[in-house]
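In the numbering used here, the protein residues as written are 107 to 474.
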């Protein structure tokens, strides 16, 4: 069977053991080592300390699965053999692999902790992916608290065979904005090594209440936080990568937004062009080498899982720039019914475009 007849997920996850960092580095970071704790604001239970904050312990939701499938789905989060069995049953050729537990560590706010934890995660990820490196495509976690350390981890990840770099969606608090020339050595390294840069939810400054809301008060305030988290990407792309000049200064840099869905893109492109056309003088915006919306249509790739307006958006953005991802094994993930769901989402696309969106773009961008 030709490979393109199987789909390739551009956004899937593993479930790292919550004790990974304590087992690996113990108390070398003092009381900042990420680990399980058993109390939060007077509430007893199992919680996860990220090195800066406390969040929930989240497990794979298998309540609606028979025992055998439930066991497979749980083990597929951390056992490569189980993951490959899942791929075979779902008729999936391979997956781009992102973290679950490490994502909130990216937001811990303590650079020393986050960079040390990233190295531990990347080592564990590569061990997982090395079981089938053509089907399990790991994305190195590269925190952006310290630029020199970020470059070193970018290069180390590439040396191990990790094919992309997951960075903070927005520069961590207290750090310069990404458009600052101080980051140019990092973008240059990513461009020269042909390492795609990924902006994924739960890595910016906005905290995901699904991950962090524990008390009743935190749950009541949660819905606003979800929308703020989804919207965080817009400013980063517009202010830093487009009008901030990063994509002009580094014309071969690959930039991907993941798990933000795509139906927001047409209006976003309208606003970008409006800013460039009507407000450049008023806002002293820099002169760009291209139409602002062209960066979205030609310099970026956009992740989609189950956006019901995705088909219409593809007509605006282009099939070559959209990457479907299953989000497996997270709560809204597409599972063993992958083929049926994809036919429903994209079945009216021309065959060549269908292949691009459901795996061809992923394989091309990540050399998978």
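C-beta atoms are modelled at their ideal positions from N, C-alpha and C, and glycine is treated no differently.
Self-check item: Neighbourhood of residue 426 by C-beta, 7 Å cutoff - its chain only, sequence neighbours within 5 removed
Solution: These residues qualify, in order along the chain: 462, 467.
Quiz prompt | Exposure of residue 116, with buried meaning 16 or more beta-carbon neighbours within 10 Å | solution = For residue 116, the number of other beta carbons within 10 angstroms of its own is at least 16, and it is reported as buried.
Quiz prompt | Range covered by the alpha helix (DSSP H) that runs through residue 326 | solution = Element bounds for residue 326: 322-326.
Practice problem: Could you check if residue 143 is buried or exposed, using at least 16 other CB atoms within 10 Å of its CB as the buried criterion? | Solution: By the 10 Å Cβ count, residue 143 comes out exposed.
Quiz item: Along the chain, where does the beta strand (DSSP E) that runs through residue 115 open and close?
Solution: Residues 113-119.
Quiz item: Using the rule of at least 16 other Cβ atoms within 10 Å of the residue's Cβ for burial, across every protein chain shown, is residue 473 buried or exposed?
Solution: Exposed, because fewer than 16 other Cβ atoms sit within 10 Å of the Cβ of residue 473.
Quiz item: Can you name the start and end residues of the beta strand (DSSP E) that residue 145 belongs to?
Solution: First-last of the beta strand (DSSP E) with residue 145: 141-146.
Exercise. Decide if residue 376 is buried, meaning its Cβ has at least 16 other Cβ atoms within 10 Å, or exposed.
Key: Exposed, because fewer than 16 other Cβ atoms sit within 10 Å of the Cβ of residue 376.
Quiz item: To which residues of the same chain is residue 156 closer than 6 Å at the C-beta, ignoring the five residues directly before and after it?
Solution: Excluding residues within five positions, the ones whose Cβ falls inside 6 Å are 140, 210, 211, 214.
Self-check item: Closest residue to residue 469 among 275, 195, 199 (Cα-Cα distance)
Solution: Measuring from the Cα of residue 469, the nearest candidate turns out to be 199.
Quiz item: Where does residue 428 sit, in a helix, a strand or coil, going by DSSP?
Solution: Secondary structure at residue 428: strand, using DSSP grouped into helix, strand and coil.
Exercise. On a CA-only basis, which of 195, 341, 240, 305 is nearest residue 441? Give me that one, please.
Key: Among 195, 341, 240, 305, the Cα nearest to that of residue 441 belongs to 195.
Self-check item: Expected contact under 8 Å - CB spacing of residue 381 and residue 407 to nearest Å
Solution: The C-beta separation of residue 381 from residue 407 comes to about 22 Å, leaving the pair out of contact by the 8 Å criterion.
Quiz item: If we ignore side chains and look at the alpha-carbon of each, how far apart do residue 412 and residue 126 end up?
Solution: C-alpha of residue 412 to C-alpha of residue 126: approximately 31 Å in a straight line.
Quiz item: Nearest to residue 334 by CA position, among 351, 326, 314, is which residue?
Solution: Closest option to residue 334, Cα to Cα, is 314.
Quiz item: For the 8 Å Cβ check, are there 3 or more pairs between the region 130-139 and the region 214-226?
Solution: The answer is yes - the region 214-226 touches the region 130-139, with three or more Cβ pairs under 8 Å.
Self-check item: Contact set for residue 238: own chain, Cβ-Cβ below 7 Å, skip 5 residues either direction
Solution: These residues qualify, in order along the chain: 186, 190.
Quiz item: Between which two residues does the beta strand (DSSP E) containing residue 162 stretch?
Solution: Segment 160-162, the beta strand (DSSP E) holding residue 162.
Exercise. Round the Cβ separation of residue 304 and residue 272 to the nearest angstrom and send it over; I've been treating them as touching at under 8 Å.
Key: The beta carbons of residue 304 and residue 272 sit about 5 Å from each other, so the pair counts as a contact at 8 Å.
Quiz item: Residue range of the beta strand (DSSP E) that residue 305 falls in?
Solution: Looking at the DSSP string, the run of the beta strand (DSSP E) that includes residue 305 is 303-306.
Quiz item: When DSSP labels each residue in this structure, what does residue 470 get in the three-state scheme?
Solution: Correct three-state label for residue 470: helix.
Quiz item: Just how far apart, CA to CA, sit residue 217 and residue 358?
Solution: About 29 Å.
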